[in-house]
Amino acid sequence: MMRIIINECKKALTSPILIALFILFSAFNIFVIISSSDHKEELKMVNEIIDQYGKDITDNSMERFESDIQMDFAELSRMTGSEFTSVYEFLDGLRFEDQEKYNDEQWEFFNRLQLKEMYLNTAKSIDESYGEIDIRKTAESEIKKYGLSGNAAETLMNEYDKFSERFDEMVNNGEHKQWFFAGKAYFMHSFLFKTVFLHIIIEALLLIVLSTALITTYEFENKTHLVAYSTKRGRKLMKNKLLASLAIATTIIVFLFAITLGTFFTVFDYSQIWNTSISSAFNWEYNFPYVAWWDLSVGTFLIGLIALVFIVLLLFVGLTFALSVVVKNSYITFFSIAALFIFMWLLPSFMPTSSILLFVFAYTLPTLLLAIGSSFMGSSGLIMFENFEWMTISCWTVITLAVSFMSYIRFKKIDIS
Amino acid sequence: MRILWNELKKIFTWKTMLLLLFINSVLYFLLIEFYIEYFPNGSEVYSYNIGVEMVEKYGATMDENEFIDFQKTYEDKAEEATQYLQSREDAVGNGLDTYEKFQAYDWQNSSQKASDLQGDIFFESEIDLFWELQEFERLIDFYNYRKSIPDVLTDNQRARLNELIAKEKFGVYTEIAMSNFKHFIANVGVAILFSVVLVISPMILKDRSRGILPLQYTSKKGRNLLKTKLLAGYIATFLVITGLLAVYFSLYSLNNTSMFFKVHVNTFIANESWYDPTFFQFIMLCVAAIYLIGFIFVTLSMSFSNVVPNLVSLIGIQIPFIVGFLIFGLSRLLPYMISVWNPKWLAPVSYGSMIIISFIIVYCLVKREKKVDVLM
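Chains as they are written, first to last, in my numbering: chain L, 7 to 423; chain C, 1226 to 1601.
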């Protein structure tokens, strides 16, 4: 039995095209990460700030931070010979021909001071900018933006009321008062959890669907089905093929994640960031900050997302398996899965904007995968529901198990000659 | 002839057709529908209406007298706006009793009453006048800046822009019809590329994996059969592309842009190009480019189909080529192929070299097939 699984795995593992694609994808991911790493040195500033003042932004730590910056200003005045209360003031007033006057070390000092001042100013304005947030207004503008009415509007409004409580709780806990990379300057959350994760997801999906279809339809496409399915093991071989596909998928996911995220965290220094809350006020990229439904740290959030992606991709193995057992053709399987993927993602847009179906049909695996960076968030538009992730996963686990089981049962008795 | 017919029947099985239909409807809703359903999009409708009027009144080009007339239309409308403002008490009360004052008002630091008035005029009242005026102003601005060229340019680009100015080919007409078409055609290109590759790819591989090559190659027709198969592949490509283009262009006709067809591309705002076809000729150029892209990628598909061991490898090996083309090639070689912002030689050289490579591939395929060991 074990030997059969290993031999089934070999069918995918020894396929030169799949291996070449895997290498190509990994290289592409590494390229994407390296080519957008211009600001990686600047990012280290947050690590230094956390190192010195702790991850929480308290009155006490702000005082220390501010007095240190005052000392830096004194240093600036000594260097330039005039008084400044902000490094921006100095840089704005700097004439082009004066730039030569300062050496590299001094420029380094100016740049660092500029960064520190940016973080200090943002931290100071947290209370004010969070005071301006009115969840009810946000809800109303979302409803207007998507043109919702009736039941749909009501449902979304209720969820926003719930979110409003969570938001207040978060503000009381001070989850937002923790240091993180400045969102509006670097977009690190989007880069890691959207760009990089989406690359991994799409690539892994391609490889997984291809390898599963290859293993499952192998006997039919090589005309060995009459032999293979008349052995003692017989049509139970399909079970081994499913296990082999799952094993291959796991291997692909693990290695793709390891290579890509390994590169990412070598290039970008996250060493002090792990314990910062994902709902940090600095994690504010567009017109609303990222606010999670639970108190998650960056590290937990990352692990949570990896787990989500892993489960969803394994579910896709099951769905591909179910379809290719029925179709018995890897080519048609691949394109059908691709088309179904897009179709399910588009489903909500076919629904009336007055009906709650609009939300129900968003509980699909493609929606979950393609919006992975907004998982667990209350600030993610129409899929902001608290139960979105676990409901999607559990519903689709049931569906996947059911269709796989049905197509397997059907296969056991079908005429395959 | 009968063999060719039978090969074609092997390509167009009902399963493939069904899949083709499914994939295209999904891709239509994903990529194309937006540019049909939402044209003109929101406030673009004023731009569209004014553009249509301009074309009807001034024809395909606009000289200075016609521009003076255009400006007069604007002034009439502004007068109308003034009258409207004077009829409103809240406007007069805020000192905004003429359109000039309304325009010159400092909206960044406006009073609450004034911004209420502005919101009411633009969003609440059913009055299009102020939106139209904004569009007029935008078009007049473009006309006023028609002779200025950006700083960062290569020598060739600067020469071309100066040449356009010397020939008085200015971007004066609204660009929305053009940009809508560019988005539309790029996405049609994607849908068609996927479709032809989907339909044609497995054809040659199917015979090999069924193990009927030894049988086919010992018949009277022998190894020349590959030529017939390639021909069948190209005919099928032509049919698929033509059929899909017919469907997509009949959908495009809903956009109602035919009045712009006689306008030259350089006469649209921000559409400086190396050549100066009319909009209609540009559409034909894009259609030709889609056929070329289709034939080139089908050549690639058929050659892979002749060498790879199984269907999964057939898909896998094409992924980098197609994705690479979509990322780096498509927009440069289809909607922006004559744009001045791409080097002049880029599109001709790329298409030329891809065509030459295709011919070499076909030649090698046919030659290889004459001697290859089909039992392997």
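Cβ coordinates follow ideal geometry from the N, Cα and C atoms, glycine included.
Asked, Found
"If we count the other Cβ atoms within 10 Å of its Cβ and call it buried at 16 or more, is PHE37/L buried or exposed?", "exposed"
"Counting Cβ pairs, one atom from each stretch, are 3 or more of them under 8 Å apart for the segment 1421 to 1428 of chain C and the segment 1483 to 1492 of chain C?", "no"
"Using 8 Å as the threshold, is the segment 247 to 260 of chain L in touch with the segment 44 to 60 of chain L, meaning 3 or more CB pairs across them?", "no"
"By the criterion of Cβ-Cβ separation under 8 Å, what are the contact partners of VAL1251/C in chain L?", "ALA345, ILE348, PHE349, LEU352"
"Looking at the secondary structure, which residues open and close the alpha helix (DSSP H) in which GLY1/L lies?", "As shown, chain L starts at 7 and ends at 423. That puts residue 1/L outside it, with no answer to give."
"Mind checking whether THR282/L and TRP185/L have CB atoms under 8 Å apart?", "yes"
"For the alpha helix (DSSP H) containing GLN184/L, name the first residue and the last one.", "No alpha helix (DSSP H) holds GLN184/L; DSSP gives it neither H nor E."
"Could you name the residues of chain D that PHE341/L contacts, counting a contact when the two beta carbons are closer than 7 Å?", "In the structure shown, chain D does not exist; the protein chains are L and C."
"Quick one: is TYR337/L near chain C, going by C-beta distance under 8 Å?", "yes"
"Check the C-beta distance from ALA1457/C over to LEU1233/C and give it rounded, since I have them as a contact under 8 Å.", "5 Å"
"Can you find a CB in chain L that lies within less than 8 Å of the CB of SER1420/C?", "no"
"Within the same chain, show all residues whose beta-carbon is closer than 8 Å to that of SER1373/C, passing over the 5 residues directly before and after it, in chain order.", "none"
"On the DSSP letters alone, give me the boundaries of the alpha helix (DSSP H) that ILE23/L sits inside.", "22 to 41"
"Is there a C-beta anywhere in chain L that falls below 8 Å from the one on PHE1254/C?", "yes"
"Applying a beta-carbon distance threshold of less than 8 Å, which residues of chain C neighbour ILE29/L?", "Result: empty, since nearest Cβ-Cβ is about 11 Å, beyond 8 Å."
"Quick one: which unbroken alpha helix (DSSP H) runs of 4-plus residues sit fully inside the segment 97 to 180 of chain L? Chain order, please.", "110 to 130, 132 to 137, 141 to 152, 156 to 179"
"Are TYR369/L and MET397/L close, meaning C-beta to C-beta below 8 Å?", "yes"
"Is the distance from the Cβ of TYR276/L to the Cβ of SER385/L below 8 Å?", "no"
"Using a Cβ-Cβ cut-off of 8 Å, state whether ASN1266/C counts as contacting chain L.", "no"
"In three-state terms, what does DSSP make of ALA494/L?", "It is not possible to answer for residue 494/L, since the shown part of chain L is limited to 7 through 423."
"Suppose you measure from the CA of ARG1435/C to the CA of PHE365/L; what does that come to, to the nearest Å?", "47 Å"
"Which same chain residues, not among the five before or five after PHE340/L, have their C-beta less than 7 Å away from its C-beta?", "VAL215, LEU216, ALA219"
"Between the Cα of PHE261/L and those of LEU248/L, ILE206/L, MET244/L, spot the shortest distance and give me the residue it belongs to.", "ILE206/L"
"Going by the beta-carbon positions, is the gap between ALA298/L and MET383/L smaller than 8 Å?", "yes"
"In chain order, which alpha helix (DSSP H) runs of at least 4 residues are fully inside the segment 1336 to 1376 of chain C?", "1337 to 1344, 1354 to 1369"
"Give me whichever residues DSSP pairs with HIS1489/C in a beta bridge.", "THR1503/C"
"Give the interface partners of PRO1427/C over in chain L, defined as CB-CB distance under 8 Å, in chain order.", "TYR337"
"Smallest Cα separation from ILE1607/C: which of SER1556/C, GLY1344/C, LEU1590/C, LEU1245/C?", "Absent from the model: residue 1607/C. The displayed extent of chain C is 1226 to 1601, so no value can be given."
"Going by other Cβ atoms of all chains shown within 10 Å of its Cβ, with 16 needed for buried, is ILE221/L buried or exposed?", "buried"
"By the three-class DSSP mapping on this structure, what secondary structure does MET383/L have?", "strand"
"Would you kindly check if the distance between the Cβ of VAL1421/C and the Cβ of GLN1543/C is under 8 Å?", "no"
"Pull out every residue of the segment 1395 to 1413 of chain C whose Cβ sits closer than 8 Å to any Cβ of chain L, in chain order.", "none"
"What does PRO1439/C touch in chain L if you count any residue whose Cβ is under 9 Å from its own?", "Correct list: empty, because the minimum Cβ distance to chain L is about 14 Å."
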